[in-house]
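>
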C-alpha cells in the first residue's frame, strides 16, 4: 500500500521550521534510511505559507487569502509518499523521524493511505468507473482547449 | 491506536533482514541465524504486549538474539571449535549501545544474505521462499498464502533449504567479482519471479498475491542501494516500476485483460513511470552494455513515454528487441519482435518473421503465437486461414476467458465483410 505522510506544524511556529544545516543533515540521513529500505517513493518540502495563498469557496463566493497563515494549527510543511506493508509499518517508520522542540512546540506526522482503484471494490461499479473515465476525458479536452 | 501484534509484525518486517544478516556473520550459519532471530521474535511477542514496545526495538531484538546464541552454544556443550569460538566472541564483546544495531554500514551482511538465499545449490522455489522469508521479512504463512501452497509445505521447503545450505557449507559472503554476474543473475531472477507472481495474479480478490509485486519492488530497491554500480539491478527496478505503473489499467471491470493498445494511459501511475525512467537513466549512466533487464525496461519505457498507442516509436522498440534477441533469445522475445516488425514493416514482413520462428515447437503451440499470427493473416486479407489459426490458438489457451476471446475473434475473422 501507498501512504502519504505529511509533516504538520503550527502556523505560529512556521518561522522556526526554516531548515537549518543540522536539520537538513538529520533529515538527509533519515531519507537515506527510507530509500535503502525501498520504502520511499517521493517527497518534497514546502516553502513557508508566507509564499502561499488560499482560494476559499464560501456561500457561493470565491475569495483569495494570501499567506502567511499564522492562525493555522495544522500547516503542512512537507510530505513523503511511502510504499509500506501496513499502517503499523508506516507508524514505525514515522517514529524514527528526527524531531526537535526548537522547531516548534508540537510537530505532527499525519499518515494517510492513498486510494488505488482496487480500494473502491464492489462500490466502484463498471458504470461509475465509466462515468469517471468520461469525466477524465472531458477534463482533458478542456485542458486541450485552454 | 495501532494493534500491538500488527506493530510487532511491522517491526519484524523492518528489522529482521538486518538482524538475520548480522547474526549470520557472527554464527556463520544462515539457518541458525534465522532460528535465533525467530527466538528473539517469539520473546518479543511474549514481552512487548505486557511491558510495552522498547524505544529501540531493533536493538532489543539484536541483544536478545545474541544472548540466545550464547545460551544455545553453551547448552549444547558443542565440541565444535567454530561454535566455541563464536560463543567466546559473543560473550566477551561489550554490549551493544542502544543505537549501534546497524553495524553494517555498507550493507555487506545484508548483501551476503541475499546471495546465500539465492544460492545455486538451492532449487528455484526454495530460493524464492528463503529470499522472501529472510530478506523480505515475510512470515511463512504470508508466503504460503501468496503462493497458494499449504503453510506446512512451505515451512518444510524453508527448513530443507536451510539444511542444504548448512550441509553444502555455503560461505556467508558476497561472491568474488568473477562469480558476481552469474550469481547476481540468480538473485535478479528470484526478484522478478516474485514480481510476476504478484503482477500476473488475475483474481481480483487476490490482494495477498498482488502484494508480492510490491514486495518484489521493495527488494529490488534495496538491492539497487546495495549494488549501485550494477546496471542490471537498476534495469530490473525500472522494469518493475514501469510495468506496475499500468497495474490499474490492465483489466476491465469484469476482470478481462485489456491489451496495451486499448489501455487508458491517463490512468497509468505517473509517479511509478517517473521512478522507472529515472532508474533506467541510472543504468545508462554506468555506460556498460545493456543486459536483458535494461533492454526490457527500455522497451517498457518507450510505451510509457508514448502519450497514445499511435505515438509509439516502433523503430526504437524493434531495435531494442533485436538487442534482446541477441543477449537473451527466447520464443516469447521472438514473438514480441515479430509484433514490432508488424508495426514497422507491415503484415507480410511480420508473417515471414512468424513463420521463421514458428519452427520452434514451444512457440508453435503457444496460444499467443496463434493469436498474433491470426491477426497478421487477417490484415493480409487471408480471412479463412486467420479464422482457423485463431481457433487452434483457442485450443491452447490457458484460461476459459482467453479461449472465449480467441473464439470470438476467430468467428469475427470468418465473417465476410458486408
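Chains as they are written, first to last, in the UniProt record's numbering: chain A, 1 to 146; chain B, 1 to 418.
Where is the CB? At the ideal position from N, CA and C, for every residue including glycine.
Note that the coordinates shown come from a computational prediction; the quantities given were computed from them, not determined experimentally.
Indicate whether at least one CB of chain A lies closer than 8 Å to the CB of residue 184 of chain B.
Residue 184 of chain B does not count as touching chain A.
> Distance, Cα to Cα, residue 438 of chain B vs residue 263 of chain B?
Because chain B here runs from 1 to 418, residue 438 of chain B falls outside it and cannot be looked at.
> Is there contact here, the region 133-141 of chain B with the region 209-224 of chain B, by at least three beta-carbon pairs under 8 Å?
Touching, per the Cβ criterion.
> Can you grab the Cα-Cα spacing for the pair residue 87 of chain A / residue 187 of chain B, in whole Å?
Those two C-alpha atoms are separated by around 29 Å.
> Consult DSSP for residue 268 of chain B and reduce its assignment to one of helix, strand or coil.
It is coil, neither helix nor strand.
> Touch check for the region 23-36 of chain B and the region 105-123 of chain B: three-plus C-beta pairs under 8 Å?
With a cut-off of 8 Å, the region 105-123 of chain B and the region 23-36 of chain B count as touching, because enough Cβ pairs lie within range.
> Pull up the CB-CB distance for residue 11 of chain A and residue 46 of chain A, whole angstroms please, since I reckon it's below 8 Å.
Not quite, the Cβ-Cβ distance comes to about 13 Å (not below 8 Å), so this is no contact.
> Compare the C-beta of residue 37 of chain A against all C-beta atoms of chain B and say whether one is closer than 8 Å.
Answer yes: the Cβ-Cβ gap between residue 37 of chain A and chain B drops below 8 Å somewhere.
> Can residue 276 of chain B and residue 248 of chain B be called in contact, C-beta distance under 8 Å?
Against a cut-off of 8 Å, the Cβ pair of residue 248 of chain B and residue 276 of chain B comes out as no contact.
> Do you know how far the Cα of residue 146 of chain B is from the Cα of residue 160 of chain B?
Cα to Cα, residue 160 of chain B sits roughly 20 Å from residue 146 of chain B.
> Under 8 Å by Cβ, that's how I've got residue 234 of chain B and residue 287 of chain B pegged, so tell me the actual separation to the nearest angstrom.
13 Å between Cβ atoms; not a contact.
> Just reading off the alpha helix (DSSP H) that residue 83 of chain A is part of, what are its end residues?
Run containing residue 83 of chain A: none in the alpha helix (DSSP H); it sits in the beta strand (DSSP E), 75-83.
> Helix, strand or coil for residue 149 of chain A per DSSP?
With chain A running from 1 to 146 in the structure shown, residue 149 of chain A is simply not present.
> So, does the CB of residue 148 of chain A fall closer than 8 Å to a CB anywhere in chain B?
Nothing about residue 148 of chain A can be reported from this structure: the residues present for chain A run from 1 to 146 only.
> For residue 222 of chain B, which residues in chain A fall below 9 Å Cβ to Cβ?
The answer, in chain order, is 36, 37, 38.
> Looking at residue 132 of chain B: is its Cβ nearer than 8 Å to the Cβ of residue 9 of chain B?
Cβ distance not < 8 Å, so residue 132 of chain B and residue 9 of chain B don't count as in contact.
> Determine the DSSP secondary structure at residue 257 of chain B, reduced to helix, strand or coil.
Looking at residue 257 of chain B - three-state DSSP - the assignment turns out to be strand.
> Taking residue 387 of chain B as the reference, which of B/114, B/414, B/366, B/344 has the closest Cα?
Selected option, being the one with the closest Cα: B/414.
> Could you have a look at residue 287 of chain B and say whether DSSP puts it in helix, strand or coil?
Coil, per DSSP.
> Pick helix, strand or coil for residue 135 of chain B, following the three-state DSSP scheme.
It is coil, neither helix nor strand.
> Beta-carbon of residue 323 of chain B versus every beta-carbon of chain A: anything under 8 Å?
No, no contact with chain A.
> In chain order, which alpha helix (DSSP H) runs of at least 4 residues are fully inside the UniProt domain "RNA polymerase sigma-70 region 2" (15-76) of chain B?
List check, alpha helix (DSSP H) in window: 30-51, 57-75.
> What's the C-alpha gap between residue 40 of chain B and residue 47 of chain B?
Approximately 10 Å between the Cα atoms of the pair.
> What three-state label does DSSP hand residue 115 of chain A in the structure shown?
Residue state, collapsed to three classes: coil.
> If the cut is a Cβ gap below 8 Å, which residues of chain A does residue 7 of chain B touch?
Here the neighbours are 88, 91, 92.
> Is the beta carbon of residue 13 of chain A sitting closer than 8 Å to the one on residue 94 of chain A?
It is not a contact, given that the beta carbons lie outside the stated cut-off.
> Who are residue 9 of chain A's beta bridge partners in DSSP?
BP columns for residue 9 of chain A point to A/75, A/107.
> Excluding the five sequence neighbours on either side, which residues of its own chain have a C-beta within less than 8 Å of the C-beta of residue 272 of chain B, listed in chain order?
Excluding positions up to five away in sequence, the list reads 241, 242, 244, 245.
> Contact criterion: CB-CB distance below 8 Å. Does residue 46 of chain A meet it with respect to chain B?
Judged by the 8 Å Cβ criterion, residue 46 of chain A is not in contact with chain B.
> Please classify residue 100 of chain A as buried or exposed, where buried requires at least 16 neighbouring CB atoms within 10 angstroms.
By the neighbour-count rule (16 or more Cβ atoms within 10 Å), residue 100 of chain A is not buried but exposed.
> Do you know whose CA, among A/108, A/72, A/43, A/38, lies nearest residue 54 of chain A's CA?
Of A/108, A/72, A/43, A/38, the residue nearest in Cα terms is A/72.
> Got a sec, what are the start and stop residues for the beta strand (DSSP E) residue 42 of chain A sits in?
First-last of the beta strand (DSSP E) with residue 42 of chain A: 40-45.
> Give the straight-line distance between the Cα atoms of residue 116 of chain B and residue 21 of chain B, rounded to the nearest whole angstrom.
Taking the straight line joining both Cα atoms gives about 10 Å.
> Using a Cβ cut-off of 7 Å, pull out every chain B residue sitting near residue 109 of chain A, in sequence order please.
Residues of chain B passing the Cβ test: none, with the nearest at roughly 14 Å.
> Would residue 331 of chain B and residue 366 of chain B qualify as a contact pair, given that the criterion is a beta-carbon distance under 8 Å?
In this structure, residue 366 of chain B lies closer than 8 Å to residue 331 of chain B by Cβ.
> Where does the unbroken alpha helix (DSSP H) through residue 182 of chain B begin, and where does it stop?
180-199 is the span of the alpha helix (DSSP H), which, as asked, contains residue 182 of chain B.
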